[in-house]
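Trainee:
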Amino acid sequence: MEFIDHKLKPAKSDIKVLYYFEPASGISSEDAIGRIASESSSGTWTTLAELPKLLPKTKAYAYWHDKNHVKVTYPLLIFERGSIAGMMSGIGGNIYGMKAVDNLKLMDAELPQEYIKGFKGPVYGKDLIQKIFKRKEGPVTSVVPKPKIGYTSLEHAEKVAYAIWKGGMDCVKDDENLTDQPFNKFEDRVRYVAKFRDKAENETGDVKDAFLNVTSPNLRELERRVKLVHDHGFKYFMIDVVVSGFTAVQTAAELAHDYKMAIHGHRAMHAMMTRNPKHGVSMLYIAKLMRLIGVDQLHIGTVVGKLAGGKDEIVATKEMIMAQEVGEIHGLRMPQKWGRIKPMLPVASGGLHPGILPELLDIYGTMDLVLQVGGGTLGHPMGIEAGARSVMQAIEAYKEGVKLEDYAETHKELKVALEKWGHTKPR
Ligand code: CAP
Ligand code: MG
């Protein structure tokens with residue numbers, strides 16, 4: 001009960017966390033929220049013989065709750081500045097295993113300017129559309145070679161990447177589980193993709209780039225791979241942010257700032273923690289941490305595609321990563337002021353194909369996004385280059401406010417894509 005104060009007005013410099021919680025049977029809501037605030041700050045399960053003088057300054061307090069939501073305010077003093085790992089071992093640590101709660105989900109946290117100034121944020125963020133692709137508005141388009149793995153590094157570059165670029169796409173993305181396999185060594189892929197990027201740029205006159213996956217077994221290797229990508233003239237590199245972990249992503253961000261590169265953040269494994277509405281951590285909060293650390297663009301879901309993710313959370317997340325200030329949404333999002341941290345671009349990907357792009361773009365309500373269309377490009381009956389063209393045609397149709405079917409009358413590749421997939425939403 002010492003860690004509950006319903007009258008408390010949190011300090012401006014506190015971190016205020018919103019949790020969804022379900023007390024275990026026999027545990028009252030008060031007991032549960034007291035244990036959450038206590039175990040995640042300086043409390044423990046028993047009274048102690050000695051107490052340090054500083055203790056009162058280290059305590060978190062549950063200061064508001066309703067049936068299943070609690071807000072806990074944490075003094076900034078107890079967090080190492082600039083370390084997400086340090087923060088999450090507190091507010092995302094032991095409390096998840098406490099028997100006092102049956103379920104617990106970290107929905108969001110309002111981060112004070114005092115904490116935010118310990119981070120650099122993205123090198124480019126939304127500015128990458130203009131600074132890398134020299135365009136006023138998006139979308140940035142990308143295709144990931146499918147099948148996910150199986151091509152050799154030369155086939156990946158010569159057969160697939162080159163066709164994708166010739167078909168009009170901006171970028172070719174490594175799949176999340178393509179790193180350094182015997183049949184597609186990382187070094188070889190970087191070298192070949194650079195060679196065919198140059199060829200495609202010369203032939204099209206457009207900027208072409210790639211999201212080469214630097215996800216690595218250790219930080220030394222991560223640094224080596226980022227340097228290799230940089231030295232081959234790429235503006236981006238990609239990292240699987242969840243499997244790599246916060247320390248690796250913060251290392252990647254340091255490197256991105258050194259090399260003035262953009263980070264494409266893939267979120268594979270997020271659904272292990274984000275999908276259950278009652279337990280884990282929200283994708284919204286993972287996205288907040290990634291913007292803070294310095295990821296320039298991050299997968300946040302499509303609603304219409306093949307992977308789970310509710311519309312309310314995806315729209316709330318998109319707003320939060322793109323704006324400089326957002327308001328509270330009960331039970332879903334805390335208020336947040338971003339100060340000088342640049343906006344992060346959302347990446348829409350997963351089961352997309354030309355027939356459902358208009359619906360997706362309506363949901364996003366902006367052209368400032370990255371569209372990734374893998375199977376929906378590589379599965380085109382007329383081949384890879386035609387597949388890329390069909391996606392570009394669907395985007396053009398949308399921008400001109402023309403129905404896809406009408407646009408398809410004069411654009412064969414789109415017509416063939418619609419004949420194959422129609423407007424189906426894959427599962
Ligand atoms: C999409 C994808 C991406 C998913 C990740 C895949 O391919 O390459 O990894 O989009 O999910 O492997 O499925 P398709 P999310 O375009 O062929 O579906 O974007 O939700 O993080
Ligand atoms: Mg993938």
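Residue numbers (my numbering): 1 to 427. By construction, the Cβ of each residue, glycine as well, lies at the ideal position given by its N, Cα and C atoms. These numbers were taken from a predicted model, which means no experiment stands behind them.
Among GLY365, ARG291, VAL140, which residue has its Cα nearest to the Cα of LYS311?
Mentor: Counted from its first residue, the sequence shown places residue 311 at position 311. Nearest of GLY365, ARG291, VAL140 to LYS311, Cα basis: GLY365.
Trainee: Applying the criterion that 16 or more other CB atoms from any shown protein chain within 10 Å of the CB defines a buried residue, is GLU39 buried or exposed?
Mentor: Translated into the one-based positions of the sequence shown, residue 39 becomes position 39. Buried is the call here.
Trainee: Please classify HIS6 as buried or exposed, where buried requires at least 16 other C-beta atoms within 10 Å of its C-beta.
Mentor: In the sequence shown, residue 6 corresponds to position 6, counting from 1. Exposed.
Trainee: In whole angstroms, what separates the C-alpha of SER142 from that of LEU378?
Mentor: Along the sequence shown, read from residue 1 onward, the residue named residue 142 stands at position 142. Along the sequence shown, read from residue 1 onward, the residue named residue 378 stands at position 378. Cα to Cα, the separation comes out at about 12 Å.
Trainee: Of all residues in the structure, which have a C-beta closer than 5 Å to any heavy atom of the ligand MG, taken in chain order?
Mentor: ASP175, GLU176
Trainee: Considering only heavy atoms of the ligand CAP, does any lie closer than 8 Å to the CB of LEU352?
Mentor: For this step, residue 352 is matched to residue 352 along the sequence shown. Yes, the ligand CAP has a heavy atom inside 8 Å of this Cβ.
Trainee: Keeping to the same chain, check which residues put their C-beta closer than 8 Å to that of GLU137; ignore five residues upstream and five downstream.
Mentor: Reading the sequence shown from its first residue, position 137 is the one you call residue 137. Once the five neighbours on either side are set aside, the close Cβ partners of GLU137 are ILE129, MET367, ASP368.
Trainee: Could you work out which residue in LYS227, HIS411, ILE384, HIS423 is closest to GLY167 when comparing CA atoms only?
Mentor: Within the sequence shown, the letter at position 167 stands for residue 167. The candidate whose alpha carbon is nearest that of GLY167 is ILE384.
Trainee: To which residues of the same chain is ARG291 closer than 6 Å at the C-beta, ignoring the five residues directly before and after it?
Mentor: On the sequence shown, residue 291 is found 291 positions in, with the first residue counted as 1. Contacts found: ILE321, MET344.
Trainee: According to the neighbour-count rule (16 or more other Cβ atoms, all chains shown, within 10 Å of its Cβ), is ARG189 buried or exposed?
Mentor: Position 189 of the sequence shown, counted from the first residue, corresponds to residue 189. Label assigned to ARG189: buried.
Trainee: Straight-line CA distance for VAL172 to TYR151?
Mentor: As a working mapping, residue 172 is identified with position 172 in the sequence shown. As a working mapping, residue 151 is identified with position 151 in the sequence shown. Between VAL172 and TYR151, the C-alpha separation is close to 14 Å.
Trainee: Which residue or residues does DSSP assign as beta-bridge partners of GLN113?
Mentor: In the sequence shown, counting from the first residue as 1, residue 113 sits at position 113. None; GLN113 has no bridge partner.
Trainee: For the candidate residues LYS99, GLY26, THR302, HIS257, whose alpha-carbon lies nearest to that of ILE363?
Mentor: Taking the first residue of the sequence shown as position 1, residue 363 is located at position 363. Considering only alpha carbons, the answer is THR302.
Trainee: Does the distance from the C-beta atom of GLY401 to that of GLY387 stay below 9 Å?
Mentor: Here residue 401 corresponds to residue number 401 of the sequence shown, with the count starting at 1. Here residue 387 corresponds to residue number 387 of the sequence shown, with the count starting at 1. Cβ atoms of GLY401 and GLY387: not closer than 9 Å.
Trainee: Whose CA, out of GLY294, LEU418, LYS57, lies closest to the CA of SER433?
Mentor: Limits of the chain in this structure are 1 at one end and 427 at the other, which puts residue 433 out of reach.
Trainee: Tell me the DSSP secondary structure of GLN324 in three-state form.
Mentor: If you number the sequence shown from 1, residue 324 lands on position 324. Here GLN324 sits in coil by DSSP.
Trainee: Relative to the C-alpha of GLU325, which residue among ILE314, LYS337, THR317 is closest?
Mentor: Here residue 325 refers to the residue found at position 325 of the sequence shown. Nearest C-alpha to GLU325: LYS337.
Trainee: Can you check whether the CB of ARG197 is closer than 9 Å to the CB of ASP209?
Mentor: Against the sequence shown, residue 209 aligns to sequence position 209. Against the sequence shown, residue 197 aligns to sequence position 197. Their beta carbons are under 9 Å apart, which means ASP209 touches ARG197 by this criterion.
Trainee: Could you tell me which of LEU255, ALA408, GLY305 sits nearest to VAL373, measuring between CA atoms?
Mentor: Indexing the sequence shown from 1 puts residue 373 at position 373. Out of LEU255, ALA408, GLY305, GLY305 has the C-alpha closest to the C-alpha of VAL373.
Trainee: Taking three-plus beta-carbon pairs below 8 Å as touching, is the region 75–89 in contact with the region 22–39?
Mentor: When Cβ pairs closer than 8 Å are counted between the two stretches, the region 75–89 is seen not to touch the region 22–39, the count staying below three.
Trainee: My guess is that LEU357 and TYR398 are in contact by the Cβ rule of under 8 Å, so how many angstroms apart are they, rounded?
Mentor: In the sequence shown, residue 357 corresponds to position 357, counting from 1. In the sequence shown, residue 398 corresponds to position 398, counting from 1. Their Cβ separation, rounded to whole angstroms, is 6 Å, which keeps LEU357 and TYR398 in contact under 8 Å.
Trainee: According to DSSP, is GLY301 helix, strand or coil?
Mentor: Here residue 301 refers to the residue found at position 301 when the sequence shown is read from its first residue. DSSP places GLY301 in coil when its eight states are reduced to three.
Trainee: Could you give the first and the last residue of the continuous beta strand (DSSP E) run that contains LYS71?
Mentor: Residue 71 sits at position 71 when you count from the first residue of the sequence shown. Residues 69–74.
Trainee: Is THR215 a contact residue of the ligand CAP, with contact defined as CB to any heavy atom under 8 Å?
Mentor: Counting from 1 along the sequence shown, the entry for residue 215 is found at position 215. Flag unset: Cβ of THR215 not near the ligand CAP.
Trainee: Who are the near neighbours of GLY245 in its chain, counting only those whose CB is closer than 8 Å to its CB and skipping five residues on each side?
Mentor: If you number the sequence shown from 1, residue 245 lands on position 245. Excluding positions up to five away in sequence, the list reads ALA85.
Trainee: Quick one: measure Cβ to Cβ for LEU418 and PRO354, integer angstroms, because I've assumed they're closer than 8 Å.
Mentor: On the sequence shown, position 418 is the one that residue 418 refers to. On the sequence shown, position 354 is the one that residue 354 refers to. Contact holds; Cβ gap of about 7 Å.
Trainee: Is any heavy atom in the ligand CAP found nearer than 8 Å to the beta carbon of LYS148?
Mentor: For the purposes of this step, residue 148 is identified with residue 148 of the sequence shown, where counting begins at 1. Checking every heavy atom of the ligand CAP against the Cβ of LYS148, one is found closer than 8 Å.
Trainee: For the beta strand (DSSP E) holding THR141, just list the boundary residues, first then last.
Mentor: To locate residue 141, count along the sequence shown from 1; it is residue 141. Where THR141 is concerned, the enclosing beta strand (DSSP E) stretches over 140–143.
Trainee: Closer than 8 Å is the cut-off here; do at least three beta carbon pairs connect the region 57–77 with the region 217–227?
Mentor: no
Trainee: Between the Cα of LYS420 and those of TRP45, SER390, LYS403, spot the shortest distance and give me the residue it belongs to.
Mentor: Along the sequence shown, one-based indexing puts residue 420 at 420. The residue among TRP45, SER390, LYS403 with its C-alpha nearest the C-alpha of LYS420 is SER390.
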